[in-house]
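Written out below as structure tokens is the structure these notes cover.
In the numbering used here, the protein residues as written are 99 to 217.
Take a look at the structure:
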């Protein structure tokens, strides 16, 4: 019996707490990918859909330019949630600048889902 009890506020917090390997295994299912996408805050959902067909990493600085200064806090919340759920993966280039790339399993399954549906 486990000695430590993890208390998550909701199901997605529990999913976000999973190790990266287990989370990647979950993204083998298009149903899970859809559920995660639906659970995202509106701005995070917008970013995920914008990046769905982008194969190269996008610089964090470039993404910050997508929002007005008054929405910077919502932008940070959206990016944090995408990183916690490993929908986005952080990539650093030679100059140590941060970029974001979509998780390949999540991206592939969501592309198939949008084109073919859940058949």
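Think of the CB as a built atom: it goes at the ideal place given N, C-alpha and C, for glycine as much as any other residue.
Taking the CB atoms as reference points, tell me whether residue i and residue j lie closer together than 8 Å.
i, j, result
"residue 125", "residue 203", "yes"
Output needed for residue i: all residues of its chain with C-beta closer than 6 Å, excluding positions within five of it in sequence on either side, in chain order.
i, result
"residue 121", "184"
"residue 141", "172 and 176"
"residue 151", "none"
Taking its Cβ as the centre, do 16 or more other Cβ atoms sit within 10 Å of residue i, making it buried, or is it exposed?
i, result
"residue 186", "buried"
"residue 207", "buried"
"residue 205", "buried"
"residue 220", "Only positions 99 to 217 of the chain appear in the structure, and residue 220 is not among them; the question remains open."
"residue 119", "exposed"
"residue 117", "exposed"
Going by CA-CA distance only, name the one from the options that's closest to residue i.
i, options, result
"residue 200", "194, 193 and 189", "189"
"residue 110", "138, 198 and 159", "138"
"residue 195", "127, 158 and 164", "158"
"residue 146", "178, 192 and 191", "178"
"residue 160", "133, 182 and 198", "198"
Keeping to the same chain, check which residues put their C-beta closer than 8 Å to that of residue i; ignore five residues upstream and five downstream.
i, result
"residue 108", "none"
What residues in its chain sit with their C-beta under 7 Å from that of residue i, if we drop five residues either side in the sequence?
i, result
"residue 182", "114"
"residue 155", "189, 197, 198 and 199"
Return the chain-ordered ranges of every beta strand (DSSP E) run that is complete within the segment 136–214 and spans a minimum of 3 residues.
-> 186–190 and 196–200
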